[in-house]
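Enquirer: I have a structure here, written as structure tokens, and I will follow up with some questions on it.
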Amino acid sequence: MAATAPSIVVVKGHSLRDRQIASIKRVLHLNETLDSKDENDNHPNGLAPAGPILTSEGEPIWKVLVFDDLDFATQTATAGNSDKIAQLYDQYLNFIVAEPDLFTLGMQKKHTYWTLNSAKTTDEELDNVVDRIVSGLFSVVVTMGKLDRKLRDHILNSRDNLFSSSARPASSASTPTSRPVLVILDRNVDLNSMLSHSWTYQSLVHDVLNMKLNRITIETPIDESNPARGTTKKSYDLTSSDFFWTKNAGLPFPQVAEDIDTELSKYKEDAAEITRKTGASSIEDLQNDTSAKAQHLKAAITLLPELRERKAVLDMHMNILAALLTGIKDRQLDNYFQVEENVMKQTKAQVLEVIKDDTKGKDPLDKLRLFIIWFLSTEQDLSTAEWNQFKEALTAAGADIACLPYVRQVRATTKMTQLTTINNNPSSSAQPSQSNDLFGRFSSLSTRLTDRLKDTGVGVPGNLASNFDSLIGGIKNFLPANRDLTLTKIVESVMDPQSASSSAIAKTENYLYFDPRSANARGTMPPPVLRSGTPTPGGLPGGVGGGGAGVGGAGGPGGPPGTGASFGQRRQGFSDAVVFTVGGGSMDEYGNLQEWVARTGEGKATKKRVVYGSTELLNAREFIGEELERLGREVSG
Numbered sequence: 001m002a003a004t005a006p007s008i009v010v011v012k013g014h015s016l017r018d019r020q021i022a023s024i025k026r027v028l029h030l031n032e033t034l035d036s037k038d039e040n041d042n043h044p045n046g047l048a049p050a051g052p053i054l055t056s057e058g059e060p061i062w063k064v065l066v067f068d069d070l071d072f073a074t075q076t077a078t079a080g081n082s083d084k085i086a087q088l089y090d091q092y093l094n095f096i097v098a099e100p101d102l103f104t105l106g107m108q109k110k111h112t113y114w115t116l117n118s119a120k121t122t123d124e125e126l127d128n129v130v131d132r133i134v135s136g137l138f139s140v141v142v143t144m145g146k147l148d149r150k151l152r153d154h155i156l157n158s159r160d161n162l163f164s165s166s167a168r169p170a171s172s173a174s175t176p177t178s179r180p181v182l183v184i185l186d187r188n189v190d191l192n193s194m195l196s197h198s199w200t201y202q203s204l205v206h207d208v209l210n211m212k213l214n215r216i217t218i219e220t221p222i223d224e225s226n227p228a229r230g231t232t233k234k235s236y237d238l239t240s241s242d243f244f245w246t247k248n249a250g251l252p253f254p255q256v257a258e259d260i261d262t263e264l265s266k267y268k269e270d271a272a273e274i275t276r277k278t279g280a281s282s283i284e285d286l287q288n289d290t291s292a293k294a295q296h297l298k299a300a301i302t303l304l305p306e307l308r309e310r311k312a313v314l315d316m317h318m319n320i321l322a323a324l325l326t327g328i329k330d331r332q333l334d335n336y337f338q339v340e341e342n343v344m345k346q347t348k349a350q351v352l353e354v355i356k357d358d359t360k361g362k363d364p365l366d367k368l369r370l371f372i373i374w375f376l377s378t379e380q381d382l383s384t385a386e387w388n389q390f391k392e393a394l395t396a397a398g399a400d401i402a403c404l405p406y407v408r409q410v411r412a413t414t415k416m417t418q419l420t421t422i423n424n425n426p427s428s429s430a431q432p433s434q435s436n437d438l439f440g441r442f443s444s445l446s447t448r449l450t451d452r453l454k455d456t457g458v459g460v461p462g463n464l465a466s467n468f469d470s471l472i473g474g475i476k477n478f479l480p481a482n483r484d485l486t487l488t489k490i491v492e493s494v495m496d497p498q499s500a501s502s503s504a505i506a507k508t509e510n511y512l513y514f515d516p517r518s519a520n521a522r523g524t525m526p527p528p529v530l531r532s533g534t535p536t537p538g539g540l541p542g543g544v545g546g547g548g549a550g551v552g553g554a555g556g557p558g559g560p561p562g563t564g565a566s567f568g569q570r571r572q573g574f575s576d577a578v579v580f581t582v583g584g585g586s587m588d589e590y591g592n593l594q595e596w597v598a599r600t601g602e603g604k605a606t607k608k609r610v611v612y613g614s615t616e617l618l619n620a621r622e623f624i625g626e627e628l629e630r631l632g633r634e635v636s637g
């Protein structure tokens with residue numbers, strides 16, 4: 001069964017072992033008759049003689065954990081087995097946490113963006129997706145409130161329910177501003193974030209490499225001197241104890257490369273200090289060296305596990321960085337990122353030149369992504385002849401342009417205006433010199449890493465050290481400008497309206513706002529005809545509402561008088577937020593939000609916290625191939 005919403009099933013039986021065996025069989029063969037030859041199947045229902053199912057205190061004698069994606073309770077009742085179940089518990093765990101502030105509902109198979117924007121979607125399919133989203137968000141809210149111990153009280157006493165003041169932590173039950181705000185956004189608010197090339201470590205890993213559930217899979221050649229022998233796959237798991245990922249995930253790639261060098265230097269120094277004090281020849285020989293100085297041996301042995309763990313982490317990230325460097329070099333991702341940083345300034349001729357240039361990377365999808373981002377962002381109009389010219393150039397480059405009819409309809413329907421801005425602060429003028437200085441140091445990384453690899457013994461691909469010069473040599477000497485994505489600007493206008501830009505404030509002025517503690521703060525949902533927009537594929541909804549537990553929801557601006565919400569007239573700041581995108585989320589958005597939280601919280605006593613979630617976490621290749629292309633074929637068909 002798929003691991004989504006678990007239920008705990010309590011089953012009758014005789015001995016503990018008999019009950020366990022019989023119940024597991026009933027779970028695995030829910031609607032089938034079990035083999036009567038089994039020693040436990042002497043009764044028609046395949047169970048041992050019935051015994052008590054509850055203790056004297058009223059607690060179930062034993063429990064079975066079922067990860068229920070198959071409506072287990074309904075099937076049990078239909079099969080006539082419900083009398084064997086003493087109690088059902090919903091643990092509210094139907095979501096996946098990748099990091100402390102990042103979660104997903106794991107709805108890749110639901111194709112939520114396609115479902116919500118396709119004319120072929122039935123009402124039943126739409127209801128199923130909405131129900132799944134509501135269930136997942138409710139589970140997140142319950143879990144964030146640390147209410148697992150209150151589930152029983154919630155069932156037995158409605159006055160002491162999940163969202164009562166006594167159920168919430170003391171710190172969150174005092175003032176309205178301490179309650180988190182839930183911001184629900186339709187993916188169409190900003191498609192560009194799903195397609196853009198990012199320059200941060202975690203975004204590059206998600207884009208270039210295969211990353212699923214915090215497991216990174218890398219393909220490396222079996223024999224680098226003989227590529228014909230093929231490749232082999234290596235997998236690396238990111239854990240909560242990974243200090244390097246925690247520190248560098250949201251940083252630009254050049255800074256990550258610098259930090260791996262710093263960490264390797266620190267490891268080398270610490271290892272040398274221990275071997276010097278103990279007299280051992282190396283860390284590896286220390287445990288077997290009986291001649292080590294007694295006064296230092298105990299301390300050294302204590303430090304060994306930490307040193308070995310550090311070495312393993314650095315080993316892993318050296319391999320990841322090597323794979324990223326190869327991907328950056330082959331696809332020229334630095335070029336694409338630099339162009340997208342100033343995409344609004346690019347002319348038709350400049351974009352067309354990049355598409356036609358055979359030297360601009362080996363992956364045609366990067367050219368398609370650049371064109372879509374430019375097309376959705378620019379105010380320049382394309383004639384039919386110019387549109388066909390771009391299509392022909394992309395096709396000649398090897399790109400699948402099936403998604404373009406839908407993309408064109410998105411632009412025609414929404415005239416999408418991005419809020420992405422470059423912060424023009426005084427420090428930005430120093431950016432080029434800082435960039436050049438960093439890459440001056442970055443470009444000399446090869447020599448230092450070669451020394452570190454020899455001295456520390458960190459295992460990496462054989463030719464990595466010798467290839468660092470060529471890999472790094474093609475990377476641009478720049479760092480990304482300090483910019484806030486559209487979603488970040490929206491969140492800022494909700495959480496910190498005093499600091500938000502006027503464009504962001506205007507964008508959220510008519511968002512629906514729901515507060516269960518204040519009837520005056522509840523927005524009025526527009527009529528269905530206004531919410532649904534055009535019925536054709538690509539017709540984007542007028543807005544997505546949100547609600548519940550001090551929740552702000554994102555809706556569409558521009559509704560007629562009387563349908564707008566009161567959020568614009570009742571703005572207040574929030575220190576905690578859950579930001580949820582319906583139709584797919586991107587690692588770039590998550591990283592940008594966390595960067596904004598860190599930047600705006602510097603020097604302040606009260607820190608903000610933003611948890612980012614989505615129906616599914618997709619990279620650009622998945623979003624185009626599994627969502628946009630399907631919609632594009634519908635439009636063209």
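When we follow full-length UniProt numbering, the leftmost residue of the sequence shown carries the number 1, and every step to the right adds one.
Virtual Cβ for every residue (Gly too), placed ideally from N, Cα, C.
The structure displayed is predicted, hence computed values, not measured ones.
#1: How would you write the range of the alpha helix (DSSP H) that tyrosine 406 sits in, first residue to last?
#2: Consult DSSP for isoleucine 184 and reduce its assignment to one of helix, strand or coil.
#3: Kindly indicate which three-state DSSP category alanine 207 falls into: helix, strand or coil?
#4: From serine 377 to valine 354, what distance separates their C-alpha atoms?
#5: Using only the alpha-carbon positions, how far apart do methionine 495 and phenylalanine 138 sit?
#6: Look at the alpha carbon of valine 343 and the alpha carbon of methionine 194, and state the distance between them as a whole number of angstroms.
#7: Under 8 Å between the Cβ atoms of threonine 600 and arginine 187?
#8: Could you check the C-alpha separation between glutamate 626 and histidine 111 for me, to the nearest Å?
#9: Which residues share a DSSP beta bridge with alanine 577?
#10: Under DSSP, the alpha helix (DSSP H) around leucine 370 begins and ends at which residues?
#11: Is the region 205–221 touching the region 255–265 in the sense that three or more CB pairs, one from each, lie closer than 8 Å?
#12: Looking at the strands, I want to know which residues DSSP matches up with residue 650.
#13: Can you look up alanine 98 in the DSSP assignment and give me helix, strand or coil?
#14: In three-state DSSP terms, what is leucine 601?
#15: Identify whether isoleucine 490 lies in helix, strand or coil by the three-state DSSP scheme.
#16: Tell me, please, which residues DSSP counts as bridged to threonine 200.
#17: Going by DSSP in three states, aspartate 515 sits in which element: helix, strand or coil?
#18: Classify lysine 329 as helix, strand or coil using the three-state DSSP reduction.
#19: Indicate the three-state DSSP secondary structure (helix, strand or coil) for glycine 136 in the structure shown.
#20: Which same chain residues end up closer than 6 Å to leucine 238 when comparing Cβ atoms and leaving out the 5 residues on each side of it in sequence?
#21: Over what stretch of residues does the alpha helix (DSSP H) that includes alanine 397 continue unbroken?
#22: Using the Cβ count rule (16 or more neighbours within 10 Å means buried), how would you classify phenylalanine 243?
#23: Taking only the alpha-carbon atoms, compute the straight-line gap between glycine 462 and lysine 234 and give it to the nearest angstrom.
#24: Are the Cβ atoms of leucine 628 and tyrosine 406 separated by less than 8 Å?
#25: Specify, as a first and last residue, the run of the alpha helix (DSSP H) that asparagine 192 falls within.
#26: Let me know if tyrosine 336 comes out buried or exposed under the rule of 16 or more other beta-carbons within 10 Å of its beta-carbon.
#27: Do you know offhand how far glutamine 108's Cα is from glycine 583's?
#28: At what residues does the alpha helix (DSSP H) containing serine 501 begin and finish?
#29: Keeping to the same chain, check which residues put their C-beta closer than 7 Å to that of arginine 448; ignore five residues upstream and five downstream.
#30: DSSP state of alanine 349, grouped into three classes?
#31: Here's the rule I'm using: 16 or more other beta-carbon atoms within 10 Å means buried, otherwise exposed. How should proline 252 be labelled?
#32: Does the distance from the CB of lysine 362 to the CB of aspartate 330 come in under 8 Å?
#33: Using the three-state DSSP reduction, which class does glutamate 629 fall into: helix, strand or coil?
#34: Could you say if the region 73–85 and the region 585–600 meet the contact criterion of at least three C-beta pairs nearer than 8 Å?
#35: From the DSSP secondary-structure annotation, give me the bridge partner or partners of lysine 212.
#36: Does DSSP put isoleucine 274 in a helix, in a strand, or in coil?
Expert: The structure says:
#1: 404–414
#2: strand
#3: A quick correction: the sequence has aspartate, not alanine, at residue 207. It is helical.
#4: 17 Å
#5: 21 Å
#6: 15 Å
#7: no
#8: 7 Å
#9: Val181 and Val610
#10: 364–377
#11: no
#12: Since the first residue of the chain shown is 1 and the last is 637, residue 650 is not available in this structure.
#13: strand
#14: A small correction: the amino acid at residue 601 is glycine; leucine does not occupy that position in the sequence shown. In this structure, glycine 601 counts as coil in the three-state DSSP scheme.
#15: helix
#16: Pro252
#17: coil
#18: helix
#19: helix
#20: Asn214 and Trp245
#21: 384–397
#22: exposed
#23: Low confidence applies to glycine 462: its pLDDT is 42, below 50, so where it sits in the model is not reliable, and the reading given next is rough at best. Roughly 15 Å separates the two Cα atoms.
#24: yes
#25: 192–195
#26: buried
#27: 10 Å
#28: Where serine 501 is concerned, there is no enclosing alpha helix (DSSP H), given that its DSSP letter is neither H nor E.
#29: The pLDDT assigned to arginine 448 is 45, lower than 50, so where the model puts this residue is not dependable, and the model offers no usable value.
#30: helix
#31: buried
#32: yes
#33: helix
#34: no
#35: Arg215
#36: helix
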